[in-house]
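These notes concern the structure reproduced below.
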Amino acid sequence: MNETNSTSDVLDFAGEKRELPSGLKTLTILTFIGCGLLLLYTLLAPMLNKFLLGIMDKAAGSGQEMTAKQLEDMQKGRAAIELMQNNLVPILVISIVSLVLCFVGALWMRKLKKDGFWIYSAGEILPVIGNFILLGTKQFTGVTSVIFGVGIPILFIILYARQRKYLVV
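Numbering (the numbering used here), first residue to last: 476 to 644.
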């Protein structure tokens, strides 16, 4: 038997700092970037919605002929934006609360805390459920909105779940 263990292999002191795994480091950095971009979008949402409604009005009044599909898509988009405008305050509150939960959860996971995963997951699920309650299925105007609204949060929850084995505290 030629097996040797160093002191650091045998003893695991509570004060010892563990290195953050690269997968967890990458996910948390992406989460921080996503939180920042989503905060910017959340704060600009009222102005963006008005801008988009103005563009739709110009397109409808331009005199150009549109296909039936284009008109239908524009009407679906207009209905979704108007519904968001009517429920703007609750949507902004849900967005900001979920951003804080995601940010804090990712921060805790960087500190290798297990509870960070559950806080992050709550922050990802809250807007999906909250917006569904407020907006219903009208918020999903196409494949892209489903991917961004549901697909990416589920993907990140799954990716973080695969990193839970590194969370020790």
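Using N, Cα and C, we set each Cβ at its ideal position, and we do this for glycine too.
Asked, Found
"CYS577 versus GLY598 - alpha carbon distance", "5 Å"
"C-alpha distance - LEU563 paired with ALA535, whole-angstrom precision", "25 Å"
"Cα-Cα separation, VAL579 to LEU609", "25 Å"
"Delimiting residues of the alpha helix (DSSP H) encompassing ARG637", "627-637"
"First through last residue of the alpha helix (DSSP H) which encompasses GLY552", "543-561"
"Contact set for ILE566: own chain, Cβ-Cβ below 7 Å, skip 5 residues either direction", "MET559, ASN606 and LEU609"
"Between the CA atoms of GLY529 and ILE633 - distance to the nearest angstrom", "39 Å"
"Cβ neighbours of ASN524 in the same chain (closer than 7 Å, five flanking residues each side left out)", "ILE556, MET559 and GLN560"
"Integer Cβ distance of THR517 from ARG585, believed to fall under 8 Å", "Contact doesn't hold; Cβ gap of about 23 Å is too wide."
"Buried/exposed call for ARG493, threshold 16 Cβ in 10 Å", "exposed"
"Proximity below 7 Å, CB of MET549 to CB of MET522", "no"
"Inter-residue spacing [alpha-carbon to alpha-carbon] between VAL625 and ILE569", "15 Å"
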